[in-house]
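Data first, discussion second: the structure below is written as structure tokens.
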Amino acid sequence: MEGVLLRRAAELLGSARRVVVLTGAGISAESGVPTFRDGLTGLWARFDPQQLATAEAFHADPDLVWGWYEWRRARVSRAEPNPGHLAIATIQTRVPGSAVITQNVDDLHERAGARPVIHLHGSLFAPRCVAAAAHPAAVEETTDDELAQPDEGRRMPPPRCASCAAPVRPGVVWFGEALPEEALTAAVGAAAACDVLLAVGTSGVVYPAAEIPGIAARSGATVVQVNPQPTPLDQVCAVNLRGTAAQVLPALVTAAWGETDQ
Ligand code: BJW
């Protein structure tokens with residue numbers, strides 16, 4: 008990564024009044040959580056995540072899809088926020104009124120101290136009844152035993168809703184499903200009102216989340232990207248920092264504000 012680009016990004020960040028950080032799976036990669044488009048391992052190796060993350064897959068084979076989500080939930084529960092997550096929480100402290108918009112279904116931003124965090128694609132920790140989006144499924148707290156998944160994963164039947172006995176499904180947004188309206192409205196509003204949008208660790212191919220950097224740019228914000236790889240978002244970015252989140256973000260925060268407790 009070139010120092011001149013880092014300094015340019017740090018100047019932008021240091022003088023911003025509102026920052027939005029849009030994150031994707033890459034922010035959690037260095038916590039040991041695989042990105043969405045990484046190859047899967049174990050029982051899941053022969054499946055494409057894009058095929059598993061659908062309502063059709065859940066209806067066709069609920070035990071397979073529920074088992075996959077429980078395996079991922081167990082991995083996330085054992086993971087810790089990395090220096091990239093901590094640097095983002097520091098940005099929010101340094102620039103009050105800043106927001107994190109994440110496509111991730113983990114809770115690593117919250118555990119790093121970030122507030123507010125807008126979840127566009129739901130959460131691994133909010134399962135709900137398939138039969139009635141409006142009535143919360145009374146799912147028992149997950150015990151440590153249940154979180155102790157075998158490394159290779161296992162098929163698991165989904166629990167039943169305590170109100171109506173329909174299957175409980177993961178509380179995430181699958182392809183073809185609408186994003187939570189409140190979260191999407193808040194994300195679009197924050198993007199349209201920020202000075203700097205920092206896009207971190209997202210391939211920028213899943214909509215409507217991929218439109219958010221463009222919304223910010225069209226509203227006058229400067230878009231900065233942190234990703235080791237080129238993405239379709241490169242074209243709206245004023246600065247592309249090629250590197251990993253856990254390396255680049257702490258360096259960016261230090262360049263913007265000096266040494267901080269990240
Ligand atoms: C690092 C790194 C390190 C690695 N540091 N970086 C417009 C055009 C075309 C299609 C559509 C469109 N609008 C809608 C669509 C359809 C569809 C879509 O976008 N399809 C595309 C694939 C073509 N969108 C939808 O279906 C959405 N719904 C919708 O539009 O509904 C309309 C509707 C309205 C009203 C009623 C009904 C319907 C829903 C999208 C939901 C996406 N859900 C998923 C699964 C969530 C649950 C789960 O996790 O299982 O969300 S899909 C998956 O992709 C997941 C992710 O959040 C999302 C984005 O992936 P992300 O985060 O970018 O990860 P990766 O793996 O792709 O990339 C990682 C990046 O990190 C890479 O760039 C690496 O280089 C980088 N990296 N290490 C920094 N250390």
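The working numbering puts the first residue of the sequence shown at 8, with every later residue one more than the last. Cβ coordinates follow ideal geometry from the N, Cα and C atoms, glycine included.
Ligand 1 heavy atom lying under 7 Å from the CB of residue i
i, result
"Q232", "no"
"F182", "yes"
"V179", "yes"
"P215", "yes"
"G46", "no"
"E37", "yes"
"P88", "no"
"G208", "yes"
"T97", "no"
"F54", "no"
"Q236", "yes"
"L13", "no"
"N247", "no"
"T261", "no"
"F65", "no"
"V27", "no"
"V137", "no"
"V42", "According to the sequence displayed, residue 42 carries Thr and not Val. Yes; taking the cut-off as 7 Å, the Cβ of T42 has a heavy atom of ligand 1 nearer than that."
"G33", "yes"
"Q110", "yes"
"L186", "yes"
Where the alpha helix (DSSP H) through residue i begins and ends
i, result
"T192", "E188 to A200"
"H92", "P90 to R101"
"E266", "First-last for E266: undefined, no H or E at that position."
"Q156", "That residue, Q156, is in no alpha helix (DSSP H); it is neither H nor E in DSSP."
"V242", "The question names Val, but residue 242 is Gln in the sequence shown. Unbroken run through Q242: none, as it is neither H nor E."
"L12", "G10 to G21"
"E117", "L115 to A119"
"G221", "I219 to R225"
"L59", "P56 to L59"
First through last residue of the beta strand (DSSP E) which encompasses residue i
i, result
"L248", "V246 to L248"
"L138", "According to the sequence provided, residue 138 is Ala. The question's Leu does not apply to it. Segment: none, A138 is in no beta strand (DSSP E) and carries neither H nor E."
"A67", "Careful: A67 lies outside any beta strand (DSSP E), inside the alpha helix (DSSP H) at A62 to A67."
Beta-carbon separation (whole angstroms), residue i vs residue j, contact threshold 8 Å
i, j, result
"P237", "V175", "At roughly 40 Å, the Cβ-Cβ gap does not stay under 8 Å, so P237 and V175 are not in contact."
"V230", "L204", "5 Å"
"L131", "D158", "Going by Cβ atoms, the distance from L131 to D158 rounds to 18 Å, so no, they are not a contact pair."
"L13", "L259", "6 Å"
"A223", "C244", "So it is not a contact: roughly 10 Å between Cβ atoms."
"G183", "A62", "7 Å"
"G211", "G33", "The pair is not a contact, with the Cβ atoms about 11 Å apart (cut-off 8 Å)."
For residue i, the residue or residues it bridges with in DSSP
i, result
"R79", "For R79, which the question treats as bridged, DSSP gives no partner whatsoever."
"P174", "R167"
"I108", "L29 and I125"
"A206", "L29 and Q232"
"V179", "G129"
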